[in-house]
């Protein structure tokens, strides 16, 4: 077959060199675009179409000696090119493997560093927490089971009566001695007038008894004079009887008169003693009957003043129950007055937290009412028993249904009055307390009784003084009534 008879490549068939360079470019290393692909080169060498010339001529029969001779150089060139390409591609793969291993090592190193840093952070946090627990938390006793407490002064009536006026409402500020409720004064005023009359009568009776004692003294002198006159008459007549100058009858009559005068004199002295037994050593004010009447008058006078129910302390009114027109009994609760300047905290600590608590230890307090305010106080005492022990129905731990429960012990904590005046608190508010138990040299229980009163009021002392003045005025008015200057 001649050269012209060889089939020619169609336009749609790829040129051998184009085929080779196409796959060389497609599978080349990103760093070297001209590097050929070894598999494409091998496929190109094994393909029958690779025997064609660079213009695309190929022999379909493959048995032409001339074509084989002419194609041999091309195959050698292709083989050498393939070998060259294969060497270059091998170097690229080695580089990729090296870079991949280096990246992997770099990633592992970063991951290890991150894990080491995280582990160090946790270790340092654990060490810090351990130090904080040993140096700080070990010497602190904290709880949120703490509540503000204060005195709740019950206002009640001391006499029976009907309410005619109410002068205070809940949340009002009242001062000591201020009238909160007034009662109808009719009954107490009548009792006071009756007591005043009895006191005046007792004073006048005392004066009468003093006058009777003086009269008894005067009767003694009279009876003594009569006795002495009768005795003198008898002594004068007795010698006349011996001289027969007087009859025996006259002498006997003088003796009998003397004896009668003596008996009357003795009687007068005994009557004087009886009269002086009631008045000796006393004045009208000290007379027993007067003292009794005076006490009744003072009681009636105080009851009359108790028609105005007053507040014994300064504070704020709460729980008002009384209404106008209500008839109340003595001792009935009408309202409550709470002095907010003297509050404290009852903190219920767990029994596992009270080992280091001592009297006098400093305490810091925070409340929900003031988020940005810290109050200060100190421990003033620990209760004598847990809250469950003093409950209405204390638990019976000896029963068969016993369950171990951690008990809580109330701890009394005082508050600074200046801080309370600046940031007022209310009874019943919750608090969070932190007791610094570092100093444990204090006492757990009080070692001495209280020397000063816990609370005092002087509003009732004024009533007593005024009642005594009124009684003395009644006594003085009746002790000197009818006497001339």
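Numbering (this note's numbering), first residue to last: 753 to 1237. For every residue, glycine included, the Cβ atom is placed at its ideal position computed from N, Cα and C. If you're wondering where the values come from, they're calculated on a predicted model, not measured in any experiment.
> If you draw a straight line from the alpha carbon of residue 1174 to that of residue 1143, how long is it in whole angstroms?
Replying inline: Taking the chain shown and counting its residues from 1, one reaches residue 1174 at position 422. Taking the chain shown and counting its residues from 1, one reaches residue 1143 at position 391. Between the alpha carbons of residue 1174 and residue 1143 lies a distance of about 35 Å.
> For the alpha helix (DSSP H) that residue 1062 lies in, which residues bound it at each end?
Replying inline: Sequence index remark: in the chain shown, residue 1062 carries index 310 (1-based). Per DSSP, residue 1062 belongs to no alpha helix (DSSP H); it is in the beta strand (DSSP E), 1060-1062.
> Can you tell which of 1001, 978, 952 has the C-alpha that lies nearest to the C-alpha of residue 989?
Replying inline: Indexing the chain shown from 1 puts residue 989 at position 237. Closest by alpha carbon: 1001.
> Does the separation of the CB atoms of residue 1060 and residue 931 fall below 8 Å?
Replying inline: Start at 1 with the first residue of the chain shown, and residue 1060 comes out as number 308. Start at 1 with the first residue of the chain shown, and residue 931 comes out as number 179. In this structure, residue 931 lies closer than 8 Å to residue 1060 by Cβ.
>> Within a Cβ cutoff of 6 Å, which residues of the same chain sit near residue 1085, ignoring the five residues on either side of it in sequence?
In response: Locating residue 1085 in the chain shown gives position 333, counting from the first residue. In the same chain as residue 1085, and ignoring 5 residues on each side of it, the C-beta atoms closer than 6 Å to its own belong to 906, 908, in chain order.
> Applying the criterion that 16 or more other CB atoms from any shown protein chain within 10 Å of the CB defines a buried residue, is residue 1232 buried or exposed?
Replying inline: Locating residue 1232 in the chain shown gives position 480, counting from the first residue. Around the beta-carbon of residue 1232, fewer than 16 other beta-carbon atoms lie within 10 Å, marking it exposed.
> Are at least three pairs of beta-carbons, each pair with one atom in the segment 1125-1135 and one in the segment 1211-1218, less than 8 Å apart?
Replying inline: Short answer: they don't touch.
>> Please report the distance separating the alpha-carbon of residue 1041 from that of residue 1032.
In response: On the chain shown, residue 1041 is found 289 positions in, with the first residue counted as 1. On the chain shown, residue 1032 is found 280 positions in, with the first residue counted as 1. Going by the C-alpha atoms only, they are around 14 Å apart.
> Which one of 1164, 1009, 1100, 1062 has the shortest CA to CA distance from residue 1197?
Replying inline: The residue labelled residue 1197 in the question sits at position 445 within the chain shown. Of the candidates 1164, 1009, 1100, 1062, the one whose C-alpha sits nearest the C-alpha of residue 1197 is 1164.
>> Can you find the residues in the same chain that come closer than 8 Å, C-beta to C-beta, to residue 1003, ignoring five residues on each side of it along the sequence?
In response: Locating residue 1003 in the chain shown gives position 251, where the first residue counts as 1. Cβ contact annotation for residue 1003 (same chain, cutoff 8 Å, sequence separation greater than five): 986, 989, 990, 992, 993, in chain order.
>> Pop quiz: residue 1121 and residue 1172 are said to be a contact at Cβ under 8 Å. What is the actual Cβ separation, rounded to whole angstroms?
In response: Taking the first residue of the chain shown as position 1, residue 1121 is located at position 369. Taking the first residue of the chain shown as position 1, residue 1172 is located at position 420. 12 Å between Cβ atoms; not a contact.
> Which residue from 860, 1194, 898 puts its Cα closest to that of residue 1118?
Replying inline: Position 366 of the chain shown holds residue 1118. Selected option, being the one with the closest Cα: 898.
> Count the other CB atoms within 10 Å of the CB of residue 1189; is the residue buried (16 or more) or exposed (fewer)?
Replying inline: Looking up residue 1189 in the chain shown gives position 437. With a 10 Å radius around the Cβ and a threshold of 16 neighbouring Cβ atoms, residue 1189 comes out buried.
>> With H, G and I counted as helix, E and B as strand and the rest as coil, what does DSSP make of residue 892?
In response: Within the chain shown, numbered from 1, the residue matching residue 892 stands at position 140. In the structure shown, the three-state DSSP call for residue 892 is strand.
> Which first and last residues belong to the alpha helix (DSSP H) in which residue 1214 is found?
Replying inline: Position 462 of the chain shown, counted from the first residue, corresponds to residue 1214. Element bounds for residue 1214: 1211-1231.
>> Less than 7 Å between C-beta atoms, sequence neighbours within five positions excluded: which residues of the same chain meet that for residue 937?
In response: The count along the chain shown starts at 1 and reaches residue 937 at position 185. In chain order, 1056, 1059 place their CB closer than 7 Å to the CB of residue 937, counting only its own chain and leaving out the 5 sequence neighbours on each side.
> Applying the criterion that 16 or more other CB atoms from any shown protein chain within 10 Å of the CB defines a buried residue, is residue 1105 buried or exposed?
Replying inline: What you label residue 1105 is simply residue 353 of the chain shown in a count that begins at 1. Buried.
> Less than 8 Å separating the beta-carbons of residue 1238 and residue 1153?
Replying inline: Limits of the chain in this structure are 753 at one end and 1237 at the other, which puts residue 1238 out of reach.
> Contact check, residue 927 vs residue 1098 under 8 Å by CB: the rounded distance?
Replying inline: Here residue 927 refers to the residue found at position 175 when the chain shown is read from its first residue. Here residue 1098 refers to the residue found at position 346 when the chain shown is read from its first residue. Contact between residue 927 and residue 1098 does not hold, since the beta-carbon distance rounds to 28 Å and is not under 8 Å.
>> What does the alpha-carbon distance come out to for the pair residue 969 and residue 1024?
In response: As a working mapping, residue 969 is identified with position 217 in the chain shown. As a working mapping, residue 1024 is identified with position 272 in the chain shown. About 6 Å.
> Based on Cα-Cα distance, which residue from 929, 873, 952, 875 lies nearest to residue 1230?
Replying inline: Here residue 1230 is taken as the residue at index 478 of the chain shown, counted from 1. Answer by Cα proximity: 952.
>> With three or more beta-carbon pairs closer than 8 Å as the criterion, would you say the segment 907-922 touches the segment 1069-1084?
In response: Touching, yes, given that three or more Cβ pairs across the two stretches are closer than 8 Å.
> Going by other Cβ atoms of all chains shown within 10 Å of its Cβ, with 16 needed for buried, is residue 865 buried or exposed?
Replying inline: Translated into the one-based positions of the chain shown, residue 865 becomes position 113. Per the 10 Å Cβ criterion, exposed.
>> Measuring straight from C-alpha to C-alpha, what distance separates residue 1069 and residue 960?
In response: The residue given as residue 1069 occupies position 317 in the chain shown. The residue given as residue 960 occupies position 208 in the chain shown. The alpha-carbon atoms of residue 1069 and residue 960 are separated by roughly 54 Å.
>> So, with DSSP's three-state summary, where would you put residue 1129?
In response: Walking along the chain shown from the start, residue 1129 turns up at place 377. When secondary structure is reduced to three states using DSSP, residue 1129 falls in the strand class.
>> For the alpha helix (DSSP H) containing residue 1154, name the first residue and the last one.
In response: Counting from 1 along the chain shown, the entry for residue 1154 is found at position 402. Where residue 1154 is concerned, there is no enclosing alpha helix (DSSP H), because DSSP gives it neither an H nor an E.
> residue 1193 to residue 1096, Cα distance in whole Å?
Replying inline: Within the chain shown, numbered from 1, the residue matching residue 1193 stands at position 441. Within the chain shown, numbered from 1, the residue matching residue 1096 stands at position 344. Take the alpha-carbon of residue 1193 and the one of residue 1096: they are about 23 Å apart.
>> Please classify residue 1203 as buried or exposed, where buried requires at least 16 other C-beta atoms within 10 Å of its C-beta.
In response: On the chain shown, position 451 is the one that residue 1203 refers to. Residue environment: residue 1203 is assigned as exposed (fewer than 16 neighbouring CB atoms within 10 Å of its CB, all protein chains considered).
>> I'd like to know whether the C-beta atoms of residue 971 and residue 1047 end up nearer to each other than 8 Å.
In response: Counting from 1 along the chain shown, the entry for residue 971 is found at position 219. Counting from 1 along the chain shown, the entry for residue 1047 is found at position 295. For residue 971 and residue 1047, no; Cβs fall outside 8 Å.
> Cα-Cα, which of 1075, 955, 849, 929 is closest to residue 1225?
Replying inline: Numbered from its first residue, the chain shown carries residue 1225 at position 473. Nearest neighbour of residue 1225 by Cα position, chosen from 1075, 955, 849, 929, turns out to be 955.
> Do you know whose CA, among 1157, 1200, 1078, lies nearest residue 1133's CA?
Replying inline: Working through the chain shown from its first residue, we reach residue 1133 at position 381. Taking the Cα of residue 1133 as reference, the smallest distance to any Cα among 1157, 1200, 1078 is reached at 1200.
>> What residue range does the alpha helix (DSSP H) around residue 1050 cover?
In response: Start at 1 with the first residue of the chain shown, and residue 1050 comes out as number 298. Where residue 1050 is concerned, the enclosing alpha helix (DSSP H) stretches over 1040-1057.
>> Does residue 913 pass the burial test, meaning 16 or more other C-beta atoms within 10 Å, or should it be called exposed?
In response: By 1-based counting over the chain shown, the position of residue 913 is 161. Label assigned to residue 913: buried.
> By the 10 Å Cβ neighbour count, where 16 or more other Cβ atoms means buried, how is residue 884 classified, buried or exposed?
Replying inline: For the purposes of this step, residue 884 is taken as residue 132 along the chain shown, with counting starting at 1. Taking every protein chain shown into account, the CB of residue 884 has fewer than 16 other CB atoms within 10 angstroms, so this residue is exposed.
> What are the boundary residues of the beta strand (DSSP E) that residue 1164 is part of?
Replying inline: Here residue 1164 refers to the residue found at position 412 when the chain shown is read from its first residue. Per DSSP, residue 1164 belongs to the beta strand (DSSP E) from 1160-1167.
> How many Å lie between residue 869 and residue 1157 at the Cα?
Replying inline: In the chain shown, residue 869 corresponds to position 117, counting from 1. In the chain shown, residue 1157 corresponds to position 405, counting from 1. The C-alpha of residue 1157 is placed about 43 Å away from the C-alpha of residue 869.
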